[in-house]
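Numbering (this note's numbering), first residue to last: 51 to 301.
Accompanying notes for the structure given below.
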Amino acid sequence: IEPAQARLIGTLSGLERPVLELLTYSDDGPVLSITEEGLVQWWTWPQLTGIRISATNPATKLAGATLYTAASLSPTGQLILGAADGKLYLLAPDGSGPPQPLSGHQGAVRALAISGSSLVSGGDDGQTIVWDANSGKVKRKWSAHQDWVSALAVQEKARLIVSAGYDLSVRLWNLDSAQKIRDLPTTLPDKKPAADTFPIPAVATALAFSPDGKLVAGGSLDGSIRLWDVSSGNLVRVLTGHASQITGILF
């Protein structure tokens, strides 16, 4: 859509705290958000009526969950929640029925990504887990970072995962073998780190593959965006414009 053709068609309201993520998987599917206080809400379209799930509300609390720390939607509309208890919870698109808990992390689940049948999670334990989205079974698990995993993206067609952590690294992985392909540089080759917004590269808080799998974009805690060429691993551009943390990024 051209900027001149854009128009407001609805407002999603009722969130008292900053939104960490907002996403949907189809033009007519639900819209999902999660706030920094762990409130998950999704709206049906086009009515924009919402359903709330909060770990602090007994009516919507999932057994064992103390705080929801990540959320995602499958292409079929299934709601996937990551929680502070280290578990993932899978719910039906309308929130009905008992949730399916998946155990694997030793600490809060901080990042989720899904593509096709591959569900990927990252947590405070620095671990990345690839799950079978249909069966809920662990396919692969490995130590991806020396600190919290802050962001993930998966490109199933290219069989790639990109992860970021609070150890200030961004890494490209093979989806099938969990082998590291390379670390992605966070500064341009002709610039010193001090040329970026921060004296050191900031933590990447949002990641996305381009639809063709040729580029990776990373939004950072300092508001900058980095673009990497997947085949070479080169950092091709650093974009600035945001004044604070980037919580979501899409091509």
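The beta carbon of each residue, even a glycine, is placed where N, CA and C say it ideally should be.
In this text, all values refer to a predicted model and were calculated from it rather than measured experimentally.
In this model, A120 and H155 are separated by some 13 angstroms (Cα to Cα). For the options R209, S219, V212, the alpha carbon positioned closest to that of Q196 is the one of S219.
According to DSSP, residue pairing for Q150 in a beta bridge involves L140. Shown here, N224 sits in a strand according to DSSP, grouped into three states. For L234 and L265, the gap between their C-alpha atoms comes out near 12 angstroms. In this chain, Y216 is not harboured by any beta strand (DSSP E), its DSSP state being neither H nor E.
In the DSSP annotation of this structure, V280 is not part of any beta strand (DSSP E), being labelled neither H nor E. Per DSSP, reduced to three states, the secondary structure at Q128 is coil, with no helix or strand assignment. Ranked by Cα distance from V253, the options N224, I275, N184 are led by I275. DSSP places K230 within a strand segment (E or B) once states are collapsed to three. A Cβ-Cβ contact shorter than 7 angstroms links S193 with G176. For G157, same chain residues with a beta-carbon under 6 angstroms away, outside a window of 5 residues either side, are G136, G173, D174, D175 in chain order. In the same chain as I299, and ignoring 5 residues on each side of it, the C-beta atoms closer than 8 angstroms to its own belong to A256, L257, A258, A267, G268, G269, I275, in chain order. Counting every other CB atom within 10 Å of its CB across the protein chains shown gives R160 a total of 16 or more, marking it as buried.
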